[in-house]
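S.K.:
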Amino acid sequence: MALDLSEKKINQTKMEYNFREIEKKWQQKWVENKTYRVVEDESRKKFYVLNMFPYPSGAGLHVGHPLGYIASDIFARFKRLQSLNVLNPMGYDAYGLPAEQYAIQTGQHPEKTTTENINRYREQLDKIGFSFDWDREVRTCDPAYYKWTQWAFRKMFGSYYSNDTKQARPIEELISHFEQQGSKGLNAAQSEELDFTADKWKAMSEKEQQQTLMNYRIAYMGETMVNWCPGLGTVLANDEVVDGVSERGGYPVVQKKMRQWCLRVSAYAQRLLDGLDTVDWTDSIKETQRNWIGRSEGTEMQFKVANQDFDFTIFTTRADTIFGVTFMVLAPESELVERLTTESQKKEVEEYLAYVKKRTELDRMSDRKVTGVFSGSYAVNPFTGDKIPVWISEYVLAGYGTGAIMAVPAHDSRDYAFAKHFGLPIVPLIEGADVSEESFDAKEGIVTNSPADGKTALDGFSLNGMTVKEAIEATKTFVTGHGLGRVKVNYRLRDAIFSRQRYWGEPFPVYYKDEMPYMIPEDKLPLELPEIDEYKPTETGEPPLGRAKKWAWDTVKNEVTDKSRIDNHTVFPLELFTMPGFAGSSAYYLRYMDPKNGKALVSKKADEYWQNVDLYVGGTEHATGHLIYSRFWNKFLHDLGVSCKEEPFQKLVNQGMIQGRSNFVYRVNSDDHDKAPVFVSLGRKDQYDVTPIHVDVNIVDNDILDIEAFKAWRPEYANAEFIFEDGSDSQNASHTSDSTGRIYKCGWAVEKMSKSMFNVVNPDMIVEKYGADTLRLYEMFLGPVEQSKPWDTNGIDGCHRFLKKFWNLFYDNRTGESLITLDAPTADQLKSLHKLIKKVTQDIENFSYNTAISAFMICVNELGQSKCHSREVLRELIILLAPFAPHIAEELWEALGNEGSVCDAQWPAWEERYLVESEMQLTVSFNGKARYQKTFPMDAQNADIEKAVLEDERSGKYLEGLQMLKVIIVPKKIVNVVLKK
């Protein structure tokens, strides 16, 4: 029946799908009505969705950036429709080297650049229609935010890690222990093992006590090897160095030992490992983290240096292979290198160390090439008494184990490669054993034995007949029992270097007295960045903060004062380093819970309500650094009672990368450089000698070049000539595109989206041409969220047409009149609807958005063909589409006469009774060739099916003149009539 408009508040106005007006209208309404504002509500179950927040670059967003944001936004909207109280915040990782480098080049304060970039990002994000609660926005460069980063750092400085309680404890407890027992009985994480009595502690000066405490603090100053970039005047993280030069600027990077602030992340290594068993992350990400943490159980053993009165310690997981040791290897950074290098080898060693200084740890870990140098010294095997040459090689890292290894080339692939390269002996542990490079995968099953000729210096020790596991345990027992070493668990995980020689970063709340760091009082935080005249290091090599005139701490007035007042009695110099980028991104999820709180990072009430992130979405590039550091930071705060959950991110989804679809024009090569350039179309390029040239994808539509836009793109192409797809040329052509083929077709390739390849697509252009809802649908339709996929605007029309078809279920596309009725839906229409509800619900939960959108398209086609305009069906369709295309959903929700936002509707549930199949469609084949399809009742018997097929008039021409041998029926699939030829 027709809709009674007086009974229902249905929009009677003639409507067309004007996406620009619709999207502008609803984006404004969402702001006015604070639609996405969220508060703690104990009566509702919470759900916390979080994106890895962006660094706002000057280039703005390209279409690859919103991929993860759209995926998480769909899930956030979906959970809200399921009646959960959803927190979906957004902010900015605002400190960074790019802004500082721009400031150095232009003299413009990085805060101004950053603010402009943030405003640009915000404008773009709003155009795409995200459900972010902008009242909770955070910026890491805001003093109100980094106050709590400084606060956390102070707490780390004032804490040590107890291995007994397996948690951070106040440094005052450690001081009390020292006063009573000295270092005796202490089981704490430390940089090096110290041994002193209570009396000795009490006799120490204040400076000596502070130096001792530094050995245990979770935030401490330590000598560490860093990636030093003289050109930028700062330390760089591993991911900021590519092929030995800085990613930004291409300046040379060298390895340098520097005194740096560090965080004792290694103390939390086992907890970081254990926590992976409690979170819902992919196996690949968990395995990446486990490898990065790198737990190994083994033995520390002492090797004496031949002809010298000292020994050194190595760590090995295979103590039983000591009989196969043929050389030792030191890390180039090891302090032993200087002691063990003989005069005759000094020149070679120095040359080698100079080479290694230009290599990052990442390079050394990933590069399998063999390099090294002999130190000139020998060590003594404690089991056999043999003298073993000591080498130096970059494949050994100073931070793992002791920075020295015993090399067993018969049992280790890198040792094997080194021995082969330098002609060193390879001794099998079993006579006749395979020690080729191909044998290493099978080594675990080899039975170990000690030499049978009595060569061992340790009488009675033998591993004959033991399995590997038994041999390892026997060797461990012997080593510890005879004072040759100790059993130990090692981790590859290093302490985090936590300082940078930059201006644009969080200042440390630190001043220096007698060269030792002290914290400014907590109630004086934040310590804000001072103004400086230039943003580069000083002429004397100090970090940029060395230029600040007002950068000293008055301990009497407890305030920042002028450097000229420094007297080292009451006024002291402030720290010149700033914190690294990950400082502000390590606990930002907690601040979103309570962003306006001036008294705490997060209130207990807010923390206990939101607890932790239920869904975290971001790129795989953060699989190690960010995730390790934020998990460590949160565990520390958990120890303090600040964070109620030990793991910050319960479920993690890594979105793939959207790759660029590059376009090429083909320039005909010519020696006449004065002649106008000639470009030949793709289909004709093989007839000429050509050079492919990247062209801006924004002047190409469906691989067809906009000739006039191309001529205007670059001055050198203003007079360009073209050979078109049909072979005609542009010299006498009055137009450049018609039905005869006078078009220029570009080539294409899938590459990384990059400005240098001119394949960066600005989402603003897509939104302007097709609308935000189309952009959202299309990015999800490209493929599974977790997979990388190419951006191809050739397919975006399909998503836009789908939205128009969806609109046409509500309005006549010719007249704009409303088509909505109160008619009861048919059984087929209800089946289409409930099939869709089930599919979309399950697909959203599994992040299979592309298949959910496909199901939408099928359903809308089915409903369109059946001319379904039933309000009962259309209302549910709007709710289902709302997470994907919120603007059109809001407009049609309002058009149906509903009050409020579609965001607050109730997600529909499917009913199985509508999904029960009453009919089945079978393909009818003759001798295996499909000829037609026929519908049968679901309960039809084989005899009835066979009879109906043979009597069908369409079968006659296939049966005529042939003898039927049999009929094969595959249930619910095919009927195959076998005929004798």
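For what it's worth, this note's numbering labels the leading residue of the sequence shown as 305, then goes sequentially. Using N, Cα and C, we set each Cβ at its ideal position, and we do this for glycine too. Note that the structure is predicted; figures quoted are calculated from it, not measured.
Excluding sequence positions up to five away, which residues of its chain have a Cβ less than 8 Å from the Cβ of N515?
M.R.: Position check: residue 515 holds Gln in this sequence, whereas Asn was assumed. So the qualifying residues of the chain are M820.
S.K.: Along the chain, where does the alpha helix (DSSP H) that runs through S717 open and close?
M.R.: Note, S717: alpha helix (DSSP H), S717 to F726.
S.K.: Looking only at its own chain, which residues have a Cβ that is under 7 Å from the Cβ of M1268, when we skip the five neighbours before and after it?
M.R.: V1281 and L1283
S.K.: Straight-line CA distance for S1170 to E1221?
M.R.: 18 Å
S.K.: Rank S681, M632 and E777 by C-alpha distance to the C-alpha of I730 and give the top, closest one.
M.R.: M632
S.K.: Answer yes or no: do S487 and D499 have a C-beta to C-beta separation smaller than 8 Å?
M.R.: yes
S.K.: Taking the beta carbon of T646 as the centre, do at least 16 other beta carbons fall within 10 Å, making it buried, or is it exposed?
M.R.: Exposed.
S.K.: Which residues mark the beginning and the end of the beta strand (DSSP E) in which F876 is found?
M.R.: V875 to P877
S.K.: Can the beta-carbon of R790 be found less than 8 Å from the beta-carbon of E601?
M.R.: no
S.K.: Helix, strand or coil for S466? Go by DSSP, reduced to three states.
M.R.: S466 sits in a strand when the DSSP states are folded into three classes.
S.K.: Please identify the residue among W455, E441, Y816 and S890 whose C-alpha is closest to the C-alpha of W1296.
M.R.: Beyond the ends of the chain as shown, which are 305 and 1285, falls residue 1296; an answer cannot be given.
S.K.: Who are the Cβ neighbours of K561 in its own chain at under 8 Å, not counting the five residues just before and after it?
M.R.: E527, T528, M529, V530 and E637
S.K.: Any chance the stretch 371–386 sits against the stretch 911–921, with 3 or more Cβ pairs inside 8 Å?
M.R.: yes
S.K.: What's the call for H1191, buried or exposed, on a 16-neighbour Cβ count within 10 Å?
M.R.: buried
S.K.: Give me the residue from D858, P848 and Y896 with the minimum Cα distance to F881.
M.R.: P848
S.K.: In chain order, what residues of the same chain have a beta carbon less than 7 Å from the beta carbon of E698, not counting five sequence neighbours either side?
M.R.: So the qualifying residues of the chain are P636, V660, R663, R668 and T675.
S.K.: Please classify M883 as buried or exposed, where buried requires at least 16 neighbouring CB atoms within 10 angstroms.
M.R.: buried
S.K.: Can you give me the start and stop residues for the alpha helix (DSSP H) that D911 sits inside?
M.R.: K908 to W914
S.K.: Give a yes or no on contact between the stretch 1058–1065 and the stretch 952–966, applying the rule of three or more CB pairs nearer than 8 Å.
M.R.: yes
S.K.: Might you give, ordered along the chain, the residues of its own chain that have their beta carbon closer than 7 Å to the beta carbon of T592, omitting 5 neighbours on each side?
M.R.: A927 and T928
S.K.: Given this structure, state the Cα-to-Cα distance separating W937 from A541, to the nearest angstrom.
M.R.: 18 Å
S.K.: Taking the alpha-carbon positions, what's the A746 to A623 distance?
M.R.: With a pLDDT of 45 at A746, under the threshold of 50, the modelled position of this residue cannot be trusted; read the value that follows with caution. Their Cα atoms are separated by approximately 18 Å.
S.K.: Label Q805 either buried or exposed according to how many other C-beta atoms from any shown protein chain fall within 10 Å of its C-beta, with 16 as the threshold for buried.
M.R.: buried
S.K.: Give me the DSSP bridge partner(s) of Y970.
M.R.: V984 and P996
S.K.: Look at the alpha carbon of S1229 and the alpha carbon of R324, and state the distance between them as a whole number of angstroms.
M.R.: 51 Å
S.K.: Look at the Cβ atom of K376, then the Cβ atom of V353, and state whether they are nearer than 8 Å.
M.R.: Per the sequence shown, the amino acid found at residue 376 is Ser instead of Lys. Cβ atoms of S376 and V353: closer than 8 Å.
S.K.: Have a look at K1285 and I1278 and give me their C-alpha separation to the nearest angstrom.
M.R.: 21 Å
S.K.: Our contact map puts Y992 next to V984 with C-beta atoms below 8 Å; I'd like the distance itself, whole angstroms only.
M.R.: 5 Å
S.K.: Could you give the DSSP three-state label for W1214: helix, strand or coil?
M.R.: coil
S.K.: Between V653 and the rest of its own chain, which residues show a CB-CB distance below 6 Å, the 5 nearest in sequence each way excluded?
M.R.: T645 and V677
S.K.: Can you give the Cα-Cα distance for L388 and A1209, rounded to whole angstroms?
M.R.: 12 Å
S.K.: What does the alpha-carbon distance come out to for the pair L1009 and V994?
M.R.: Here the C-alpha atom of L1009 lies approximately 17 Å from the C-alpha atom of V994.
S.K.: Excluding five sequence neighbours on each side, which residues of the same chain lie with their C-beta closer than 8 Å to the C-beta of E483?
M.R.: A502, W505 and K506
S.K.: For I997, I'd like the list of residues in its chain whose CB is within less than 7 Å of its CB, leaving aside the five on either flank, ordered along the chain.
M.R.: F968, V969 and R971
S.K.: With distance defined between alpha-carbon atoms, name the residue in Y1153, L1134 and I1148 nearest to E1166.
M.R.: L1134
S.K.: Beta-carbon within less than 6 Å of I1272's beta-carbon, same chain only, minus the 5 sequence neighbours each way: which residues are those?
M.R.: For I1272, where only same-chain residues beyond five positions count, the Cβ hits under 6 Å are N1280.
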